[in-house]
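First to last, the sequence lines map onto chains A and B. The first sequence begins at 112 in the working numbering and counts up by one. The second sequence begins at 112 in the working numbering and counts up by one. To start, the structure under review is shown below, and the notes come after it.
2 protein chains.
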Amino acid sequence: MFSNTPPGSEIFKYDKPFAFHRGGSLPSLQLAYEQFGKANADNSNIVLLFTGLSPTAHATASTADPSPGWWEQVIGVGRAIDTNHWNVICINSLGSCKGSTGPASINPATGKAWRLDFPELAIEDIASSANLLLEHLGIDKVAAVVGPSMGGMTALAWLKQNPGRCQHFLAISTAAAAEPYAIAIRSMQREIICKDPNWQAGNYTEECWPQEGMRLARKIGMVSYRSAEEWRSRFGRDDQVRFPQTTWGMNYAIESYLQAAADRFVGQFDPASYIYLSRAMDWFDVTRDPSKLCHSVEVPGCQRIAEKLCEVKLASACIIGVNSDLLFPLHQQKELAEGLDTCATRVEFHQPNSLQGHDSFLVDFERFNPIIKQYFRNLD
Amino acid sequence: MFSNTPPGSEIFKYDKPFAFHRGGSLPSLQLAYEQFGKANADNSNIVLLFTGLSPTAHATASTADPSPGWWEQVIGVGRAIDTNHWNVICINSLGSCKGSTGPASINPATGKAWRLDFPELAIEDIASSANLLLEHLGIDKVAAVVGPSMGGMTALAWLKQNPGRCQHFLAISTAAAAEPYAIAIRSMQREIICKDPNWQAGNYTEECWPQEGMRLARKIGMVSYRSAEEWRSRFGRDDQVRFPQTTWGMNYAIESYLQAAADRFVGQFDPASYIYLSRAMDWFDVTRDPSKLCHSVEVPGCQRIAEKLCEVKLASACIIGVNSDLLFPLHQQKELAEGLDTCATRVEFHQPNSLQGHDSFLVDFERFNPIIKQYFRNLD
């Protein structure tokens, strides 16, 4: 139930061992992906899209799956990333549970789900597994790599691993390294899941799984994904009317909103996958070697980011972030832009005035789409 | 163990019934309080201090209890609130567990702790119970009322209940009503405590109590009490060294900091008291009647605040808030100052540039003390 592949996703099977950056390996793996648009004869119009923590590869509607994707308003014919021109390849991250191999997949050696026997996952593993798919598809270079949120971290890791293989980079509400505030939030989410009595050291079943832990983790997530300003104008001090009023139950609309949002999420995502991907984000630091923990280091500023990313040899980069983002704060977008600006020919930095916090790129299309559309138009 | 009175706190016992604003009553109650300084012959130098959610009445060292208080650097001889001049009375809130009657106190009818049989507690109850103590002490008017955080809400409720009985008001990092973001955080904290298997519908024991729930709730609290900027400069991406490194354990200094902070708190505060006080803050809206839930209302702006507080007839008010406060955001301090400015003779609004978020008033004395000292000097 936690592991499900969207009907339009294609499955790429890789039957050789895959080694992880922090040690350990898989005997084989598979990646779920979807393509939107059509590749040129010379593959010069490929856009590689990495996702945030939870989305599938189904970024937008397709013939194979006409249901709306998670970035439906951004990708499509005539949209900001125009599939009349670009061929977008979206990959479900290694470690996720939407068709790609992850902790919910079956370990062939045991016939049971990997769960906590899955190797330690780094963002760099998600990035390097994508290259197996590109090779399979006969793609050597991509025109652009796009990454919102965790996808931006994956894009940065991929760019660092593949100098000269990509010219353009669109980074949205992401970071070159996790900051302590984001680590604090994700660490609490993992702790809440693992403290659920049904967690059972990762040996939960489909009948008995850490449902309350996942629900609470998602609520904490929502508090970090949205913003106080949005909620003030949207909910005020309205009473909640969705759930029965009980003595110690929910009083306010903000509480029932969080409950409903968490209810929609739980049961849709494997708890072990969730904590693996969450930890991978904490570990990420584009300036460091992923095989080691960092000892007493500052969050990298733009100078160290530049040192690492100049070798990537980008022609252009577009960095978008919003001021109301608590999880990937605006100053991290600025540092990324300043770091890239020392080496890419053309770097744009945009801060749309969105109120919806980290999630703005998933909802505030009025502000995001013109920026994305203009950036891709200039790549032609 | 959850209910303990500081050695210097005096106990005022009130042996008549006390009715709560939302219904229900106590057959009797007691309040723990401490006095710092000496009352004038005409009681013209009384400063009434209400506390945040968790502090005791021991605000500063005294002869009876020479250990440092929670506001040691602010109150004392020659300090910002100079006890050579002022007589500060600090009250442990009704509903708390530091000497005042609350859910951890014994219900005389059953011989057991009240727990969830304690009446529904509103901030207005904390305020009106304080009047019983003032009457007992023979104090009719106070020179100033001071309230940081929840204490500011209590001070606002007290002022509204007692027009003409106080001339000056110092409000620190507080609000005229809870906003949805703060409600979201406190609601999750309560849910985490009540989802702990040891919660037992409030029937926990001293041997088996919701320790993990309290620890997690305190961690969420810390994330709302401090700020990302502070943690970035203080912890960066440092490894944690306080606890053993385990596979799914803590990696970073920010995580061990939260764990240590939570460890210091749990076992010191009664879980039922915690959720009662937390819910009282959500319910608070100085512009509304506490006996009813509010239906579909906006967070009050300065105009509605002014309408309610002009009848209080303050001579002056000093409002302090910091920009890094997530729980009681700066705009709420501004609205409070603007609301009071329409009716008080002299209103000061200060926004010290503190990085420590909501907790700044407990740690950033360098910035807070000059403001508080100047305000109290001008009252002479």
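Cβ atoms here follow ideal geometry from the backbone N, Cα and C, with glycine treated the same way.
Spatial neighbours of A428(B) in its own chain (CB-CB distance under 6 Å, excluding positions within 5 residues in sequence) are listed in chain order as F280, L451, A455 and V458. For the 7 Å CB-CB criterion, A268(B) and V256(B) do not form a contact. F487(B) sits in a helix when the DSSP states are folded into three classes. The beta strand (DSSP E) runs of length 3 or more contained entirely in the segment 169–230 of chain A are, from start to end of the chain, 198–202. Excluding residues up to 5 positions away in sequence, Q184, V185, R190 and A191 lie with their Cβ nearer than 8 Å to the Cβ of N480(B) in the same chain.
By the 16-neighbour rule on beta-carbons within 10 angstroms, R478(B) is buried. By the criterion of a C-beta distance shorter than 6 Å, T167(B) is surrounded in its chain by P117, N203 and K209, once the five residues flanking it on both sides are discounted. With its beta carbon less than 7 Å from one in chain B, P308(A) belongs to the interface. Below the 8 Å Cβ cutoff, chain B contributes P291 as neighbours of F346(A), in chain order. Assignment of R337(A) by DSSP, reduced to helix, strand and coil, places it in the coil class. By the beta-carbon neighbour count (other beta carbons within 10 angstroms, threshold 16), T221(A) is exposed.
Minimum Cα-Cα distance from A175(B) among the listed residues F147(B), A238(B), A282(B) and Y486(B) corresponds to F147(B). Contact between the segment 127–141 of chain B and the segment 225–236 of chain B is present, with at least three C-beta pairs closer than 8 Å. Rounded to whole angstroms, Q272(B) and D228(B) show a C-alpha spacing of 26 Å. Here R326(A) has A373 and V377 as same chain residues with Cβ atoms under 6 Å from its own Cβ, once five neighbours each way along the sequence are excluded.
Shown in chain order are the members of the segment 373–399 of chain B whose Cβ falls below 7 Å from a Cβ of chain A: D393 and D396. Every beta strand (DSSP E) of 3 residues or more that sits fully in the segment 354–437 of chain A is shown, in chain order, as 427–431. Within the segment 300–330 of chain B, those residues whose Cβ lies closer than 8 Å to any Cβ of chain A are, in chain order, R301, E302, I303, C305, K306, P308, E323, L327 and K330. According to the DSSP assignment, A286(A) belongs to no beta strand (DSSP E), since it is labelled neither H nor E.
Taking a C-beta cut-off of 9 Å against chain A, none of the residues of the segment 413–424 of chain B qualify.
Not a single C-beta of chain A is nearer than 7 Å to the C-beta of E183(B).
Nearest CB-CB separation between E341(B) and chain A: not below the 7 Å threshold. Only residues of its own chain outside the window of five on either side were considered, and among them S155, N156, I157, V158, W197, C277, Q278, H279 and L490 have a CB closer than 8 Å to the CB of A254(B), listed in chain order.
Taking a C-beta distance under 7 Å as the contact criterion, S284(A) and H469(A) qualify as a contact pair. Under a criterion of Cβ atoms nearer than 7 Å, the residues of chain A adjacent to P440(B) are, in order, A339. Distance from the CA of I482(A) to the CA of L473(A), rounded to the nearest whole angstrom, comes to 14 Å.
For C319(A), the closest C-alpha among the options G119(A), P382(A), S335(A) and N464(A) is that of P382(A). Against chain A, a Cβ distance below 7 Å from L369(B) picks out A295.
Close partners of I365(B) in chain A (Cβ separation under 7 Å): P291, I294 and A295. Between Y292(B) and L438(B), the alpha-carbon positions lie close to 7 Å from each other. When the five nearest sequence neighbours on each side are left out, the beta carbons in the same chain lying within less than 8 Å of the beta carbon of K223(B) are those of I217, in order along the chain.
Taking a C-beta cut-off of 7 Å against chain B, none of the residues of the segment 249–274 of chain A qualify.
Chain A has no Cβ within less than 7 Å of the Cβ of S136(B). Only residues of its own chain outside the window of five on either side were considered, and among them F147, G148, G187 and V188 have a CB closer than 6 Å to the CB of T194(B), listed in chain order. Ranking Y368(B), Q443(B) and G263(B) by CA distance to the CA of W342(B) puts Y368(B) first.
L232(A) is positioned such that its CB atom lies closer than 7 Å to that of Y387(A).
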